[in-house]
Structure formats: structure tokens, C-alpha cells
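Notes for the one structure printed next.
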Amino acid sequence: MIRQFGIDEFIFILLSARWTLVLTLIALSLGGVFGFVIALTRVSRFAPLRLLAGAWIGLVQGVPVLMLLFLSYFGLALAGLDLPPMIAAGISLSLYAGGFLGEIWRGAIQSVPHPQWEASAALALTRAQQYRYVILPQAVRIATPPTVGFVVQLVKNTAIVSIIGVVELARAGNLINNATFQPFKVFAVVALIYFCICWPISLLARRLERGMHAGRPG
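Position 162 of the sequence shown, counting from 1, maps to 162 under full-length UniProt numbering, and the rest follow consecutively.
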């Protein structure tokens with residue numbers, strides 16, 4: 001029996017958005033830690049580490065997120081490690097986020113004017129102290145707008161995990177569509193919820209970027 005799209009179906013889709021947000025937070029948290037390590041490695045004085053980090057970023061940026069998901073879910077299963085879909089999704093999105101955030105933050109660190117490095121070195125600060133007190137505070141300010149902007153892409157990319165059965169926003173919409181055969185209504189609601197999540201984040205990113213440019217001298 002074909003169901004009609006009603007309040008129950010709407011609530012099911014709306015509640016599924018929490019898993020979209022959970023996956024985004026997982027990827028942003030774990031990927032942020034990984035990205036920070038990658039960024040520091042990319043600006044390291046040790047050439048092999050720089051090359052290794054650069055190769056990893058090239059791999060992540062050159063391979064679709066879907067392939068990372070398949071490797072985490074199906075590839076590890078072939079090796080005898082069966083991961084629940086939610087964990088495989090979290091790992092894949094975290095690796096993806098780590099690669100991109102690492103490159104964003106590497107660019108921010110290298111955007112700090114070179115005289116800042118020279119001045120901090122002249123004060124006899126160690127490398128760690130240079131980062132902590134001089135470089136990273138400025139790099140964080142530079143990196144914040146593109147980082148917030150990347151979160152929008154991360155939210156959208158969570159839709160890919162529906163392929164392995166995670167019932168997030170896109171998967172919930174597909175399930176309701178299969179039950180009601182009302183694709184326009186169903187996916188209009190799904191699109192509206194994505195918009196309500198992403199639009200405020202996009203506005204925040206633009207506001208932060210304008211604030212950063214306004215704060216620059218001359």
C-alpha cells in the first residue's frame with residue numbers, strides 16, 4: 001500500500017538530520033586533529049615528513065570521498081575487519097576532512113608574514129614557542145573563514161554515506177520516497193533541511209571573511 005507524505009514522514013526525515021549533524025561533528029573533530037598534524041608536518045623542516053604529508057593530501061584530494069568510504073567499509077571487511085556503517089562513515093569523512101583541513105591550515109601558517117618568524121627567533125623563542133605565541137594565533141584568524149566554509153561541503157558530503165545504509169538525511173528521504181512515490185515533495189523537504197543547515201554556516205563564513213579583510217591595515 002502506497003503511503004501519503006504527511007507529518008509522520010516529515011518528522012522521520014527531520015529527525016534523520018541529527019545523524020547528518022553527528023557525522024559532520026565527528027568528521028570535523030577527528031579530521032581537525034588529523035588536519036592539524038598534517039598542517040604542522042607540511043611546514044616541517046624535515047623534508048621526508050613534508051613529502052609524506054603532501055602525498056597524503058594529494059591522495060585525499062585526488063580520490064572521491066565515495067572511494068574512501070568503500071575502502072573503509074568494504075575493503076576492511078575483506079581484510080577481516082567488519083566495521084558498523086556509522087563507524088566506517090565516520091572514519092571516511094574524518095580522513096577526507098583531515099586532508100582538506102590540513103591544506104587549509106598549512107596555507108594559513110605559511111600566510112603569516114616572514115618577519116614574524118624572524119622577530120620571534122630574535123627573541124630566542126624555541127620553535128614550539130614561536131608556534132604557540134606568535135604564529136598559530138595569527139594563522140587561526142586567517143584560517144577561520146575557509147574552515148567554516150569547508151564545513152558546508154562536509155555537511156553535503158555526508159549524503160554519500162547513504163550508500164552503505166546509514167540513515168542520515170539523504171537516505172531517509174530516499175526511504176520515504178520509496179514508500180510514498182512523491183519525489184518532488186520528499187526531496188524538496190530534504191533540500192530545504194540541507195539549506196537550513198548550510199545557509200547559516202555560509203553566512204558565518206562570509207561574515208568572518210569580511211571581518212578579516214576589514215581588520216587588515218591599509
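Backbone N, C-alpha and C fix where the C-beta goes; we use that ideal spot for every residue, glycine too.
Report all residues from its chain with a CB closer than 8 Å to the CB of ILE135; omit the five preceding and five following residues, and keep chain order. ILE109, VAL112, GLN116, TRP117, SER120
Should residue 219 go down as buried or exposed, given a rule of 16 or more other Cβ atoms within 10 Å for buried? Not covered by the structure: residue 219. The range shown for the chain is 1 to 218.
Put LEU51 into one of helix, strand or coil per three-state DSSP. helix
Cβ-based burial, VAL33 [other Cβ within 10 Å; buried from 16]: exposed
Over what stretch of residues does the alpha helix (DSSP H) that includes VAL152 continue unbroken? 136-157
Find the nearest neighbour of ALA188 within the set LEU169, THR144, ILE26, SER29, judged by alpha-carbon distance. LEU169
Rounded to a whole number of angstroms, what is the C-alpha to C-alpha distance between VAL186 and ALA27? 27 Å
Residue range of the unbroken alpha helix (DSSP H) whose run includes VAL65: 65-70
Are VAL161 and ILE13 closer than 8 Å when you measure CB to CB? no
Below 8 Å on the Cβ atoms is my guess for LEU101 versus GLY35; work out the distance and round it to an integer in Å. 3 Å
Along the alpha helix (DSSP H) that carries GLY35, what are the first and last residues, could you check? 7-42
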